[in-house]
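These notes are about the structure you will find just below.
Residue numbers (the numbering used here): 4 to 192.
The structure is reproduced here in structure tokens:
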């Protein structure tokens with residue numbers, strides 16, 4: 004009889020634990036349904052603004068260059084972990100803003116434009132749409148998917164630069180750079 008009582012207690016404890024786990028899973032699943040649901044088109048979302056008294060979370064991911072079609076390595080290395088964290092935060096009920104976009108500056112973009120015989124702006128326009136469509140196809144839950152070439156982005160960047168420059172936080176140096184004799188220009192990066 005003494006041996007049975009601990010077994011019964013253990014069984015009751017396991018049942019209680021199992022019930023708690025099931026209830027916890029049900030609550031978690033209900034909370035995560037909205038965060039894990041396939042997102043609407045990126046452009047259809049309403050702005051997410053900070054809310055006083057709530058946990059506000061800003062998530063960003065690396066901005067890929069727009070010189071090629073994104074592949075699985077880009078998605079895994081660039082946006083997937085941030086997307087998972089954004090979904091987790093939303094599931095927990097946090098006021099979450101997940102921002103991504105394409106980096107449209109740099110030598111890679113210029114070289115791709117030269118390779119395709121078009122302007123850098125045409126390359127940016129073409130590949131930004133492709134990136135957006137690929138991320139939508141994978142269901143990446145960006146709240147905003149932007150571009151580094153927008154007037155707003157330019158204004159913000161210039162304001163930050165201006166403030167840092169006014170504080171004397173920049174220094175000028177001469178550097179040796181590679182020079183392309185065919186294009187008559189230095190190679191920026």
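Every residue, glycine too, gets a C-beta built ideally from N, C-alpha and C.
Item, Value
"Could you tell me if residue 183 is buried or exposed, where buried requires 16 or more neighbouring beta carbons within 10 angstroms of its beta carbon?", "exposed"
"Compare the C-alpha of residue 86 against each of 98, 113, 134 and 146 and name the closest.", "146"
"What does the alpha-carbon distance come out to for the pair residue 58 and residue 50?", "16 Å"
"State the start and end residues of the unbroken alpha helix (DSSP H) segment that holds residue 141.", "First-last for residue 141: undefined, no H or E at that position."
"Count Cβ pairs between the segment 59–72 and the segment 123–136 that sit closer than 8 Å; are there 3 or more?", "yes"
"Which ranges does the alpha helix (DSSP H) cover as unbroken runs of at least 4 residues, wholly within the segment 143–192, from first to last along the chain?", "154–169"
"Count the other CB atoms, across all protein chains shown, that sit within 10 Å of the CB of residue 53; report buried if there are 16 or more and exposed otherwise.", "exposed"
"Which of helix, strand or coil does DSSP assign to residue 101?", "strand"
"The alpha helix (DSSP H) spanning residue 61 covers which residue range?", "Premise fails: residue 61 lies in the beta strand (DSSP E), 59–63, not in any alpha helix (DSSP H)."
"Less than 7 Å between the beta carbons of residue 151 and residue 113, yes or no?", "no"
"Hey, could you find the ends of the alpha helix (DSSP H) residue 75 is sitting in?", "75–78"
"For residue 143, which residues from the same chain have a beta carbon less than 7 Å from its beta carbon, with the 5 sequence-adjacent residues on both sides left out?", "82 and 86"
"What residue range is occupied by the uninterrupted alpha helix (DSSP H) comprising residue 118?", "110–119"
"Using beta-carbon positions only, say whether residue 105 and residue 89 come within less than 7 Å of one another.", "no"
"Can you round the beta-carbon distance between residue 103 and residue 160 to whole angstroms, since I take them to be within the 8 Å contact cut?", "About 17 Å; that fails the 8 Å criterion."
"To the nearest angstrom, how far is the alpha carbon of residue 120 from that of residue 158?", "30 Å"
"Exposed or buried, residue 148, counting other C-beta atoms within 10 Å across all chains shown (16 or more means buried)?", "buried"
"When you compare each of 135, 164 and 187 to residue 78 by their alpha carbons, which one comes out closest?", "135"
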